[in-house]
Amino acid sequence: MGVIKVENIRVFAYHGCLKEETKIGSDYRVDLQVEADLQPSAKTDRLSDTVDYVFLNRIIKEEMDIASHLLETVARRILDRIFNEDKLVKKATVWVSKLNPPIGGDVARVTIKMTDKRKK
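Each residue of the sequence shown is one higher than the one before, counting from 1 in UniProt numbering.
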């Protein structure tokens with residue numbers, strides 16, 4: 001097994017339970033870690049034998065574009081798409097962070113972390 005990380009993906013999106021959040025939007029940070037067998041691609045040097053991080057980045061951006069009340073919902077959609085669209089991924093963890101959240105204090109970010117494994 002090997003690990004691929006795509007870190008500090010910055011996105012502007014419209015998630016939140018407050019009406020204002022869905023209108024004015026906010027800055028977000030997404031980090032992703034996937035586990036897959038990287039030995040075949042290490043030998044063949046072919047992109048088709050590994051998990052393409054351009055593909056992972058695209059999924060994150062597309063799912064972040066769909067407004068949701070909860071970050072948990074966004075994280076679940078990201079994980080579902082990764083497992084549905086790339087059969088090489090065995091396990092994935094996604095962190096979705098809202099930067100400067102409107103929670104009545106000086107808070108840098110609020111982060112949710114969700115992990116899932118491929119069902120056999």
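No residue lacks a Cβ here, since even glycine has one placed at the ideal position from N, Cα and C.
None of these values were measured; they are calculated from a predicted model.
Buried versus exposed, by CB contacts within 10 Å (16 or more), Leu32: Taking the sequence shown and counting its residues from 1, one reaches residue 32 at position 32. That one is buried.
Bridge-paired residues (DSSP) for Thr93: Stepping through the sequence shown from its first residue, residue 93 is reached at position 93. The partner list for Thr93 (beta bridge, DSSP) reads Gln33 and Thr115.
Contact under 7 Å by Cβ, Thr22 with Ala75: Within the sequence shown, numbered from 1, the residue matching residue 22 stands at position 22. Within the sequence shown, numbered from 1, the residue matching residue 75 stands at position 75. It is not a contact, given that the beta carbons lie outside the stated cut-off.
Under the three-state DSSP convention, the category Lys61 falls into: Residue 61 sits at position 61 when you count from the first residue of the sequence shown. The three-state secondary structure of Lys61, taken from DSSP, is helix.
Which residues DSSP lists as bridging Asp27, in chain order: Start at 1 with the first residue of the sequence shown, and residue 27 comes out as number 27. Beta-bridge analysis with DSSP links Asp27 to Phe12.
Collapsed DSSP secondary structure at Val54 in the structure displayed: If you number the sequence shown from 1, residue 54 lands on position 54. Three-state result, Val54: helix.
Ile82 (DSSP reduced to helix, strand or coil): Indexing the sequence shown from 1 puts residue 82 at position 82. Secondary structure at Ile82: helix, using DSSP grouped into helix, strand and coil.
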